[in-house]
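A short write-up of the structure that comes next.
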Amino acid sequence: MSIIAPSILSADFSKLGDEIKAVEAAGAGWIHIDVMDGHFVPNLTYGPIIVEACKRVTDLPLDVHLMIEKPDQLIPEFVKAGADWISVHAEACTHLNRSIQLIKSLGAKAGVALNPATPISAIEWVLEDLDFVLVMSVNPGFGGQSFIDNSLDKVREIKRMITEKGLDTLIQIDGGVNKKTIRTIAEAGVDSFVAGSAIFGSESYDETIAVFKKEISE
Ligand code: DX5
Ligand code: ZN
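Below is the structure:
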């Protein structure tokens, strides 16, 4: 599966609705929403009210990436606001299994994100329960950073585990995805490609997403 998930972190917030409609028309598959709390990551963004606003302008699935401490407190609010896919960080959850079960019990798809320095073993005992694994290919907190190359080894190893166990878990990558990097990322086994600055910083969203899809399919 190949899904392009534009991250609205790099969108123009003075016209967020138009930005979302533009990437939807350009062929985006999901809308990626980066929630930051100023504690887990050194930046602060938005909460459920923005998710709710996005829901009103698009039918695309909303993919909510929670870069927050104690996510269980807010997961119900995000689902109520319209989150379809929710990822929590392994490093931010004391009871990771509980957080995953909470997301699923509310009817959303559950993912776990791994920071670049976090070993794959952090998800070994929850992999069967996951709808997706988010491999961070930059340190979370900001858009526009460079892709960390060894993330590809991490993707390959997770892909091997998923195949070995006969699961259909998706792998998502987040950070530094652009026209130059996307082909090798796809070859490593990624299904869902988050891209912020490479899409919203480009002149034509249509052209950028078309090139992404071409690179992935070749
Ligand atoms: C970073 C966020 C990303 C960010 C990616 O913490 O999780 O989703 O928007 O930005 P780019 O695509 O510019 O690296
Ligand atoms: Zn993200």
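Using the numbering used here, the first residue of the sequence shown is number 101, and each one after it goes up by one. The beta carbon of each residue, even a glycine, is placed where N, CA and C say it ideally should be.
Straight-line gap, residue i to residue j (C-alpha atoms, nearest Å)
| i | j | result |
| --- | --- | --- |
| K204 | A295 | 25 Å |
| K165 | K115 | Strictly speaking, residue 165 in this sequence is His, with Lys absent from that position. Looking at the two C-alpha atoms, the distance is approximately 21 Å. |
| S237 | A213 | 10 Å |
| H189 | N143 | 15 Å |
| G243 | A125 | 23 Å |
| V311 | P240 | 25 Å |
| P176 | M167 | 16 Å |
| K180 | A210 | 15 Å |
| L174 | D274 | 22 Å |
| G99 | S304 | Outside the displayed range of the chain (101 to 318) lies residue 99, so it cannot be described from this structure. |
| L252 | K155 | 32 Å |
| M101 | S292 | 8 Å |
| H132 | L206 | 19 Å |
| V277 | L267 | 25 Å |
| L202 | A208 | 9 Å |
| D249 | I220 | 16 Å |
Best match in the options for proximity to residue i [C-alpha to C-alpha]
| i | options | result |
| --- | --- | --- |
| A153 | A183, M167, L227 | A183 |
| K280 | E315, K259, S297, S302 | E315 |
| L162 | D134, L267, E224 | D134 |
| E257 | F247, I223, D274 | I223 |
| V255 | S246, V141, A122, F232 | F232 |
| S110 | T145, A210, L230 | T145 |
| E287 | K259, I299, L227, T263 | K259 |
| F140 | I271, D159, N215 | N215 |
| K170 | D159, R198, L160, K155 | R198 |
| I108 | E318, G301, L230, D306 | G301 |
| M261 | G289, R283, S317, Q245 | G289 |
| T269 | V235, A217, L196 | V235 |
| T218 | I104, S317, E191, G127 | E191 |
| L160 | T308, T263, P106, C193 | P106 |
Where the alpha helix (DSSP H) containing residue i begins and where it ends
| i | result |
| --- | --- |
| M261 | 251-264 |
| K209 | Segment 209-214 is the beta strand (DSSP E) holding K209; no alpha helix (DSSP H) there. |
| E287 | 282-288 |
| V179 | 175-181 |
| L202 | 196-205 |
According to DSSP, residues forming a beta bridge with residue i
| i | result |
| --- | --- |
| V294 | A105, D274 |
| F232 | G211, L270 |
| V188 | L166, V212 |
| E131 | Residue 131 is actually Ile in this sequence, not Glu. L162, per the DSSP bridge assignment. |
| L144 | D137 |
7 Å Cβ shell around residue i - same chain, five flanking residues per side excluded
| i | result |
| --- | --- |
| F178 | P148, V151, V164, I186 |
| V157 | G117, I120, K121 |
| D112 | E119 |
| D306 | A126 |
heavy atom of the ligand SAH below 7 Å from residue i C-beta
| i | result |
| --- | --- |
| V294 | Inclusion of the ligand SAH in the displayed structure is not the case, the ligand content consisting of the ligand DX5 and the ligand ZN alone. |
Residues near residue i in its chain [Cβ-Cβ closer than 6 Å; skip 5 each side]
| i | result |
| --- | --- |
| I285 | I273 |
| S246 | G276 |
Cut-off 8 Å between Cβ atoms - residues of its own chain near residue i, not counting five sequence neighbours on either side
| i | result |
| --- | --- |
| P200 | Correcting the residue type first, residue 200 is Ile in the shown sequence and not Pro. Closer than 8 Å at Cβ, skipping near neighbours: V188, A210, V212, V226, D229, L230. |
Cutoff 8 Å: residue i Cβ touching any chain D Cβ
| i | result |
| --- | --- |
| F113 | Protein chains in the displayed structure number just one, and chain D is not present. |
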